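>
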Amino acid sequence: MKTRSNIETLPQEKIDEFLSANRIGVLCLADEKVPYGIPLAYFYEQGTVYLTLSRSGRKLACISRNPKACFTVYRVPETFGTPGNMSWTSVICEGELENITDPDELSQAVRTGERHMGMPEGTWENLLQMTLKNPGQSNFWKLSVTAAGGRSVEDEQVEFSE
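Residue numbers (the numbering used here): 77 to 238.
1. Taking the alpha carbon of Cys146 as the point to measure from, which residue in Trp217, Glu93 and Val102 has its own alpha carbon closest?
2. From Pro159 to Arg151, what distance separates their C-alpha atoms?
3. Closer than 8 Å by C-beta to Arg191: which residues in its own chain qualify, once you throw out the five before and the five after it? Chain order, please.
4. Whole angstroms is fine: what's the gap from Ser237's alpha carbon to Ala223's?
5. Taking its Cβ as the centre, do 16 or more other Cβ atoms sit within 10 Å of Arg187, making it buried, or is it exposed?
6. Please return the same chain residues whose Cβ sits closer than 8 Å to the Cβ of Lys90, not counting the five positions on each side in sequence.
7. Could you compute how far the alpha carbon of Asn82 sits from the alpha carbon of Ser166?
8. If you measure between the beta carbons of Thr128 and Asn202, is that distance less than 8 Å?
9. Starting from Ser228, trace the alpha helix (DSSP H) both ways and give me its first and last residue.
10. Give the secondary structure of Leu129 by DSSP, where H, G and I count as helix, E and B as strand, and everything else as coil.
11. Under the three-state reduction of DSSP, which class applies to Ser163: helix, strand or coil?
12. Rounded to whole angstroms, what's the CA-CA distance from Asp107 to Tyr126? Just pull it up for me.
Here is the structure:
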């Protein structure tokens, strides 16, 4: 089997564009010695991945022991694996998770979420106001990205020979 690989390492500009264009990723945490990955909706702006997480459960237990996390976003076209289509793109971000409790940061997170999801400003206003009544119990979190890497393959061709 002969393979021609054309894996592109994405520059920061393309990483930012990719993260801004997608909405679902996988949050990867360490649960003592066992890895734990959770698919989640997210929103992104200027080096920060915003997430909403419930205030209980395995995720919070992991974060309380180790707030360092990895967040992976990938795109694989529906036609992946068909003849002539082996395209894919992925970005992996590393950083530390932090619960957002500051009212200004909460407002910024909500407005970022509205923009990222294509909603008019103010769509999440009721959610923001409810959160601001008790910001210490906020479900909004941020991963300030300290390192990010991305790769992409466009139309990788795989040729088979005897």
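In this text, a Cβ means the ideal position worked out from N, Cα and C, and glycines have one as well.
Quick caveat: nothing in here was measured; it's all calculated off a predicted structure.
The relevant details are as follows:
1. Val102
2. 18 Å
3. Phe119, Glu121 and Glu197
4. Residue placement at Ser237 is poorly supported in this model, since its pLDDT is 43, which falls under 50; the coordinates still yield a value, given next. Each residue's alpha carbon lies about 40 Å from the other.
5. buried
6. Gly226 and Ser228
7. 14 Å
8. no
9. Here Ser228 belongs to no alpha helix (DSSP H); instead the beta strand (DSSP E) covers Phe216 to Val229.
10. coil
11. coil
12. 21 Å
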